[in-house]
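When the count follows the working numbering, it moves up by one through the sequence shown with no breaks and lands on 392 for the last residue.
No residue lacks a Cβ here, since even glycine has one placed at the ideal position from N, Cα and C.
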Amino acid sequence: MNGKERIATAMQLGIPDRVPVMCQLSIGHYFLHSGVMPLDIWFTTEGFAQALVNLQQRYQFDGILVNLHGRAPDWEKHVDRIVERPGETFVWWKNGCYSKVPHNDNPHYYQADGTRYFPTFEELDPEKLFYIDPWDLTDISWPYTWGLEGKEYNHDFPPWCCDTLKRVKTLTGETVSVHGEVFSPFSQLLELLNYEAALMGLIDDPEKAHACLNALTQGAVALGIKEVEAGADAIVISSAFAGSGFISPRYYEEFVVPYEKAVISGIKERFDIPVYTHTCGGIGDRLDMMMASGTNGIDTLDPPPLGTVELEEAVEKTKGKVFLKGNLDPVNELLNGTPHDLEKAIIKRLNLAMPGGGFILSTACSVAPATPPERIKKLSEIVLEKGKY
Numbered sequence: 004m005n006g007k008e009r010i011a012t013a014m015q016l017g018i019p020d021r022v023p024v025m026c027q028l029s030i031g032h033y034f035l036h037s038g039v040m041p042l043d044i045w046f047t048t049e050g051f052a053q054a055l056v057n058l059q060q061r062y063q064f065d066g067i068l069v070n071l072h073g074r075a076p077d078w079e080k081h082v083d084r085i086v087e088r089p090g091e092t093f094v095w096w097k098n099g100c101y102s103k104v105p106h107n108d109n110p111h112y113y114q115a116d117g118t119r120y121f122p123t124f125e126e127l128d129p130e131k132l133f134y135i136d137p138w139d140l141t142d143i144s145w146p147y148t149w150g151l152e153g154k155e156y157n158h159d160f161p162p163w164c165c166d167t168l169k170r171v172k173t174l175t176g177e178t179v180s181v182h183g184e185v186f187s188p189f190s191q192l193l194e195l196l197n198y199e200a201a202l203m204g205l206i207d208d209p210e211k212a213h214a215c216l217n218a219l220t221q222g223a224v225a226l227g228i229k230e231v232e233a234g235a236d237a238i239v240i241s242s243a244f245a246g247s248g249f250i251s252p253r254y255y256e257e258f259v260v261p262y263e264k265a266v267i268s269g270i271k272e273r274f275d276i277p278v279y280t281h282t283c284g285g286i287g288d289r290l291d292m293m294m295a296s297g298t299n300g301i302d303t304l305d306p307p308p309l310g311t312v313e314l315e316e317a318v319e320k321t322k323g324k325v326f327l328k329g330n331l332d333p334v335n336e337l338l339n340g341t342p343h344d345l346e347k348a349i350i351k352r353l354n355l356a357m358p359g360g361g362f363i364l365s366t367a368c369s370v371a372p373a374t375p376p377e378r379i380k381k382l383s384e385i386v387l388e389k390g391k392y
């Protein structure tokens, strides 16, 4: 089997030739280890696509998650000047704003006065909402526009939106499983308003919050369909801020589940393709509700102390219903653990979750920027020895 076939089999709850391996890497890790310059990764379609493929090949991953959209090919015409400083680069734009690009972390876009822009909950008009991409070059704008030219695209997406996904498919052929990403409606709302303001909106005006989430659902469905049309083999719903550290099970059931269910069913109405859910942190108390959305799989499964998922319990609760991906602690085991402890941790996950299929070995959430590449390679090396069916 190749990587694409291996992951497809696992996502269908089948038994491949061995356990697939596929981790999400942090942007900072690409900056430090892909061999592509940070500016090229963040501002160009070609740069990020090449970084994705370089590290997939280096670590022998079976799949790639394309978690940044394509970039406008003429972005450089908006640049006033680029200033290099130790450990970071500043891109000053002709509009007076600037982007700060750390060489080991996520970039951000700042107003001329050094602040980041977020609208208020009161400003929002649900009828003007469609999709919020917090990793667009300008971070957040309202009413939401794409790119530095500030175009709205009339409840649609820019023509270059899926170019990175298309480029990765070209570079990998049909040998690697390539996944697209859409932000869940709930995560979009939190990113648009900044977290505290959005959470207060749920309490102060739940009716308006539901109207906003309904609108953002339509955009998530449309983007997922667009990514499948561009060649995605699966779609992940990024629902990072829906664990118990943010909202209670009651609020999760009200403000997250119905909208993720609608995103999943909306994509599946058009395409028979796996759609799965990525949620970080404390999800041990809501696995049943996550499955109620109709998701095909659950990603991250953060173990204590990062989260609340004991893999043995999760396997028992989900076996035969959804595939599982994750659970290896990216901080305490992968980054800071000894080589011996890391090997034990990987084998432990294989022993718990690989029997019967439906398991993808991965870290719980992103691999930290400073993680040594030789540690990440251990996942594939150990799977080749211990993860064969």
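Query, Result
"The beta strand (DSSP E) enclosing R88, as first and last residue numbers", "82-88"
"D142 to R253 span [Cα, whole Å]", "30 Å"
"Supposed contact pair S251 and G407 - C-beta distance, whole angstroms, cut 8 Å", "Because the chain in this structure spans residues 4 to 392, residue 407 falls outside the shown range and cannot be described."
"Proximity to E336 [Cα-Cα], best of V318, K351, V325, V56", "K351"
"H281 beta carbon less than 9 Å from that of V239", "yes"
"Same chain, Cβ closer than 7 Å to G329, neighbours up to 5 away in sequence not counted", "D302, T303, L304, S365, T366, A367"
"Run of the beta strand (DSSP E) containing Y279, from where it starts to where it stops", "278-282"
"Residues that V325 bridges to, as DSSP identifies them", "V325 is not bridged to any residue."
"Option nearest S242 by Cα separation, candidates A235, E263, G99", "E263"
"Exposure of K7, with buried meaning 16 or more beta-carbon neighbours within 10 Å", "buried"
"Local conformation of R21 per DSSP, three classes", "strand"
"Cβ-Cβ distance between Y134 and A237 below 9 Å", "no"
"Ranges of the alpha helix (DSSP H) found wholly within the stretch 171-206, counting only runs of at least 4", "188-196"
"Cβ neighbour criterion (16 or more within 10 Å) applied to M25", "buried"
"Element boundaries [alpha helix (DSSP H), containing W45]", "41-46"
"For I228 and E272, the rounded distance between their alpha carbons", "10 Å"
"Cβ distance (whole Å) where S180 is taken to contact A11 below 8 Å", "7 Å"
"Residue nearest to T178 in terms of C-alpha spacing, selected from P89, A201, A218, F64", "F64"
"Segment limits, alpha helix (DSSP H) that includes E210", "209-232"
"Exposed unless 16 or more other CB atoms sit within 10 angstroms - verdict on K169", "buried"
"N-terminal and C-terminal residue of the beta strand (DSSP E) that D291 is part of", "D291 -> not in any beta strand (DSSP E); alpha helix (DSSP H) instead, spanning 290-295."
"The stretch 375-392 contacting the stretch 37-52, beta-carbon criterion three pairs below 8 Å", "no"
"Beta-carbon proximity of A373 to L35, cut-off 9 Å", "yes"
"L327 versus L314: straight-line alpha-carbon distance, rounded", "9 Å"
"M203 burial status per 10 Å Cβ neighbour count (16 or more: buried)", "exposed"
"Cβ pair I18, Y392 closer than 9 Å", "yes"
"Where E152 falls: helix, strand or coil (DSSP)", "coil"
"Outcome for V259 when other beta-carbon atoms lying within 10 angstroms are tallied against a minimum of 16", "buried"
"Option nearest A13 by Cα separation, candidates H32, R84, N339, G323", "G323"
"With 16 other Cβ atoms within 10 Å as the buried cut-off, status of M293", "buried"
"Close beta carbons around H213, own chain, < 8 Å, minus the five adjacent residues each side", "F258"
"Neighbourhood of N57 by C-beta distance below 8 Å, restricted to the same chain and skipping five residues each side", "S37, G38, V39"
"CB contact flag (H106, G90, <9 Å)", "yes"
"Strand pairing of D142, partner residues [DSSP]", "D139"
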